[in-house]
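Asker: Which chain is which? The protein sequence lines are A and B, in order. Heads up: the first sequence begins at 1 in the working numbering, then just goes up one per residue. Heads up: the second sequence begins at 123 in the working numbering, then just goes up one per residue.
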Amino acid sequence: MPEQCFLATPLNTGLLFIAGLTAIIETPLFWLCGYRRPRQYMWFAAVNVISNILLNEYLSTLQDIETYNAVILPAELLVVLLEFFLCLYTVDGKYGRLLLTVLFTNAFSYLLGVLLADVLYF
Amino acid sequence: MLLFFLTLMHFAVDGCCGAALADHATVEYDYTAILRLFALYNLVAFGGQWLAGLALDKRPRWIGGALPCALLLLGAGTWLNAGILAQALCLGAGNCLFHAAGGSLVLRRFRTCAEPGVFVSSGAVGLALGLNGFIPDDAFLAVCAVSTAALLLLLRRPGTLISTEKPKGFTVTLPLLACLLLLLGCVTLRGFGGGGRSTEYALLFPCVFMLGKAAGGFICDKMGWGKTVLGVFLLSFLALQIKGLPGALLLTLAFNMTMPLTLWLTSRCLPHLPGLAFGLTAGCLLPGAFLNLGAIPAQAMAVAVFILLSAAGMLFEWNEKRRQKQESPCPNNAS
Chain A
1 MPEQCFLATP LNTGLLFIAG LTAIIETPLF WLCGYRRPRQ YMWFAAVNVI
51 SNILLNEYLS TLQDIETYNA VILPAELLVV LLEFFLCLYT VDGKYGRLLL
101 TVLFTNAFSY LLGVLLADVL YF
Chain B
123 MLLFFLTLMH FAVDGCCGAA LADHATVEYD YTAILRLFAL YNLVAFGGQW
173 LAGLALDKRP RWIGGALPCA LLLLGAGTWL NAGILAQALC LGAGNCLFHA
223 AGGSLVLRRF RTCAEPGVFV SSGAVGLALG LNGFIPDDAF LAVCAVSTAA
273 LLLLLRRPGT LISTEKPKGF TVTLPLLACL LLLLGCVTLR GFGGGGRSTE
323 YALLFPCVFM LGKAAGGFIC DKMGWGKTVL GVFLLSFLAL QIKGLPGALL
373 LTLAFNMTMP LTLWLTSRCL PHLPGLAFGL TAGCLLPGAF LNLGAIPAQA
423 MAVAVFILLS AAGMLFEWNE KRRQKQESPC PNNAS
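1) I want to see whether chain A comes within less than 9 Å of B:A222, judged by CB atoms only; does it?
2) Say whether the region 62-81 of chain A touches the region 412-431 of chain B, bearing in mind that this needs 3 or more beta-carbon pairs closer than 8 Å, one atom from each stretch.
3) So B:L367 and B:L333 are in contact, right, with Cβ under 8 Å, and what is the actual spacing, rounded?
4) Can you give me the C-alpha to C-alpha distance between A:V102 and B:G169, rounded to a whole angstrom?
5) Count the other CB atoms, across all protein chains shown, that sit within 10 Å of the CB of A:N52; report buried if there are 16 or more and exposed otherwise.
6) Just to confirm, are B:A141 and B:L251 a CB contact at a threshold of 9 Å?
7) May I ask you to list, following chain order, the residues of the region 51-85 of chain A that have a beta carbon less than 7 Å from some beta carbon of chain B?
8) Take every Cβ of the region 126-135 of chain B, pair it with every Cβ of the region 251-270 of chain B, and state whether three or more of those distances are shorter than 8 Å.
9) Kindly indicate if chain A contains any beta-carbon less than 9 Å away from that of B:V458.
10) Give the residues of chain A in contact with B:P238, contact being defined as C-beta atoms less than 9 Å apart.
11) For a contact meaning CB atoms closer than 7 Å, what does A:Y110 contact in chain B?
12) Report the option in A:L116, A:V91, A:F84, A:Y89 whose CA atom is closest to the CA atom of A:T105.
13) Can you tell me where the alpha helix (DSSP H) with B:M332 in it begins and where it stops?
14) According to DSSP, is B:L194 part of a helix, a strand, or is it coil?
15) So, does the CB of B:P182 fall closer than 9 Å to a CB anywhere in chain A?
16) Do B:L249 and B:C139 have their beta-carbon atoms positioned less than 9 Å apart in this structure?
17) Can you name the residues of chain A whose CB is closer than 9 Å to the CB of B:F359?
18) Run through chain B and tell me which residues come within less than 9 Å of A:Y89, C-beta to C-beta.
19) Are the C-beta of B:L362 and some C-beta of chain A separated by less than 9 Å?
20) Could you give the first and the last residue of the continuous alpha helix (DSSP H) run that contains A:Y58?
21) Determine the direct distance from the alpha carbon of B:G313 to that of B:P382, and round the result to whole angstroms.
22) Taking the beta carbon of B:K335 as the centre, do at least 16 other beta carbons fall within 10 Å, making it buried, or is it exposed?
23) With contact counted as at least three CB pairs below 8 Å, one residue from each stretch, are the region 346-362 of chain B and the region 47-62 of chain A in contact?
24) Output yes if chain A places a C-beta closer than 9 Å to the C-beta of B:E442; else output no.
25) Determine the direct distance from the alpha carbon of B:A433 to that of B:V301, and round the result to whole angstroms.
26) Within a Cβ cutoff of 7 Å, which residues of the same chain sit near B:G315, ignoring the five residues on either side of it in sequence?
27) Alpha carbon to alpha carbon, what distance is there between A:L88 and B:F126?
28) Taking its Cβ as the centre, do 16 or more other Cβ atoms sit within 10 Å of B:P280, making it buried, or is it exposed?
29) Name the chain A residues whose beta carbon is nearer than 7 Å to that of B:Q421?
30) Would A:F17 be called buried (16 or more neighbouring beta carbons within 10 Å of its own) or exposed?
31) Taking buried to mean at least 16 other C-beta atoms within 10 Å of its own C-beta, is B:A161 buried or exposed?
32) Kindly indicate the opening and closing residues of the alpha helix (DSSP H) around A:P28.
33) Mind listing the chain A neighbours of B:I429? Cutoff is C-beta to C-beta under 8 Å, in chain order.
34) Could you tell me which chain A residues have their CB closer than 7 Å to the CB of B:S432, listed as they occur along the chain?
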């Protein structure tokens, strides 16, 4: 086996940029929803980066637009659940409120992403 | 000592089955017959464990008899010249009986997560050694015989076979049932993850399986359910960012660390039925062995496993708190 196979490749900078952008949009919204302890919103920002990288890594493996359209909503729902359960490590109780907040921040950034894509590409 | 001999016997039983199946497969020219041989073996070995486990829960004294029976069946499967399918049936039944008895014994004897993890860890290495023909089936059988004798002696000691009665006030509630279903869903999902491994690393991946299963239990005992599940997820994420062999090994390690966790929490959901709990988790691996749904992307697998384990842990904790509250009502309300 060639030697380079054993070496780690650096993280895709494109994915990291998109993840950072999403965190910049979603974290202030999370803060505005009442989660104002630094521990809470900083963890949320980190969670956002992780979930976004995983989502985009997965989406980049899809071959055609039909598959993309079919999986995007279930994948986004999985991301919401992932972020909810990860946020539980810093947020105590009030599960319903946290779930709604995560759902809201994700829906907002998704819609903003769709709008931005329309503006930038057309 | 009990755990040592059970782990050793697990290694030898899986190794014996692997070696005997490989022997049969090498003399068989028909590919369909080979597939049928492995399918029948898997069906009996994995699918029968819940039934055998339930029987041993109802009659715990049969555990002592199940171990020599398993040895006899394994011997018949290896040596008996009764046709390839009959031999696969014997091997599957022997494997099933041993796993149900051994699993039931470990879950009865130990309440922490480390011991079930150690018990299940050795099978993968034995299977790899057997399937690749590194050790002959006769040698594995000899180890099985020695382990069985040692286990039978240990079982004669009072207090080894702990009876599992239903805890006071314990009922299978809806959250507990949901927790159980989430755990079994997680095992089923994980069953689809075990894709083909490169033959270059015939022993490397099984060793990582072993390390992951053993480490998962110890880490869970040390750090608790929540932190372990989070650690496994972060490890999976890290592994997905590393390409090549190190990434694959790290991902395999992370996924295998969840195995003792699911087994342990399943047994906590059914504290009076340890054999059934062990058998159900084994049975859930069957869909992965039989249904060809294609490979589930590793990213989706890591996320889904984390969500399922977190939700299961949350439901279990909530149910436990509610049960404890019901058992010991607030002193202010007592009057």
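Just so it is clear, CB atoms sit at the ideal spot from N, CA and C, and this is done for glycine as well.
Answerer: Quick look at the numbers:
1) What you label residue 222 of chain B is simply residue 100 of the second sequence in a count that begins at 1. So no, B:A222 is outside the interface.
2) yes
3) Here residue 367 of chain B refers to the residue found at position 245 when the second sequence is read from its first residue. Here residue 333 of chain B refers to the residue found at position 211 when the second sequence is read from its first residue. No, B:L367 and B:L333 are not in contact; Cβ-Cβ is about 15 Å, not under 8 Å.
4) To locate residue 102 of chain A, count along the first sequence from 1; it is residue 102. To locate residue 169 of chain B, count along the second sequence from 1; it is residue 47. So the alpha carbons of these two residues sit roughly 40 Å apart.
5) Here residue 52 of chain A refers to the residue found at position 52 when the first sequence is read from its first residue. Buried, because 16 or more other Cβ atoms sit within 10 Å of the Cβ of A:N52.
6) Position 19 of the second sequence, counted from the start, is the residue given in the question as residue 141 of chain B. Position 129 of the second sequence, counted from the start, is the residue given in the question as residue 251 of chain B. Cβ distance < 9 Å, so B:A141 and B:L251 count as in contact.
7) L54, E57, Y58, T61, L78, L81, L82, F85
8) yes
9) Examination of residue 458 of chain B is not possible in this model, given that chain B is present from 123 through 457 alone.
10) The residue given as residue 238 of chain B occupies position 116 in the second sequence. Within chain A, no residue comes near B:P238; the closest Cβ sits about 24 Å away, beyond 9 Å.
11) In the first sequence, residue 110 of chain A corresponds to position 110, counting from 1. Here the premise fails: no neighbours, minimum Cβ distance about 17 Å.
12) Within the first sequence, the letter at position 105 stands for residue 105 of chain A. When only C-alpha atoms are compared, the closest one is A:F84.
13) Working through the second sequence from its first residue, we reach residue 332 of chain B at position 210. Its alpha helix (DSSP H) spans residues 326-345.
14) As a first step, residue 194 of chain B is located in the second sequence; it is residue number 72 there, counting from the start. Of the three classes helix, strand and coil, the one that applies to B:L194 here is helix, per DSSP.
15) The residue given as residue 182 of chain B occupies position 60 in the second sequence. Not an interface residue.
16) The residue labelled residue 139 of chain B in the question sits at position 17 within the second sequence. The residue labelled residue 249 of chain B in the question sits at position 127 within the second sequence. Yes. Within cutoff.
17) As a first step, residue 359 of chain B is located in the second sequence; it is residue number 237 there, counting from the start. Ordered by position in chain A, the residues that pass the 9 Å Cβ test against B:F359 are I50, I53, L54.
18) Taking the first sequence and counting its residues from 1, the one referred to as residue 89 of chain A is at position 89. Ordered by position in chain B, the residues that pass the 9 Å Cβ test against A:Y89 are G348, K349, L352.
19) Translated into the one-based positions of the second sequence, residue 362 of chain B becomes position 240. Yes, B:L362 counts as interfacial toward chain A.
20) Along the first sequence, one-based indexing puts residue 58 of chain A at 58. A:Y58 -> alpha helix (DSSP H) spans 38-59.
21) Position 260 of the second sequence holds residue 382 of chain B. Position 191 of the second sequence holds residue 313 of chain B. Whole-angstrom Cα-Cα distance: 14 Å.
22) Sequence index remark: in the second sequence, residue 335 of chain B carries index 213 (1-based). With 16 or more other Cβ atoms within 10 Å, it is buried.
23) yes
24) Numbered from its first residue, the second sequence carries residue 442 of chain B at position 320. No, no contact with chain A.
25) Counting from one through the second sequence, the residue named residue 301 of chain B turns up at place 179. Counting from one through the second sequence, the residue named residue 433 of chain B turns up at place 311. Contrary to the premise, residue 301 of chain B reads as Cys rather than Val in this sequence. Their Cα atoms are separated by approximately 7 Å.
26) Stepping through the second sequence from its first residue, residue 315 of chain B is reached at position 193. Excluding residues within five positions, the ones whose Cβ falls inside 7 Å are F377, I418, M423.
27) Here residue 126 of chain B refers to the residue found at position 4 of the second sequence. Here residue 88 of chain A refers to the residue found at position 88 of the first sequence. Distance between the alpha carbons of B:F126 and A:L88 is about 38 Å.
28) On the second sequence, position 158 is the one that residue 280 of chain B refers to. B:P280 is exposed by the Cβ-count criterion.
29) As a position in the second sequence, residue 421 of chain B is number 299, starting the count at 1. Residues of chain A passing the Cβ test: L54, E57, Y58.
30) For this step, residue 17 of chain A is matched to residue 17 along the first sequence. The residue in question, A:F17, is exposed, as its Cβ has fewer than 16 Cβ neighbours within 10 Å.
31) Residue numbering aside, residue 161 of chain B sits at position 39 when the second sequence is read from its first letter. Result: exposed.
32) Translated into the one-based positions of the first sequence, residue 28 of chain A becomes position 28. That run of the alpha helix (DSSP H) goes 13-32.
33) Along the second sequence, one-based indexing puts residue 429 of chain B at 307. Those within 8 Å of B:I429 in chain A are L78, L81, L82, F85.
34) Here the question's residue 432 of chain B lines up with position 310 in the second sequence. Ordered by position in chain A, the residues that pass the 7 Å Cβ test against B:S432 are F85.
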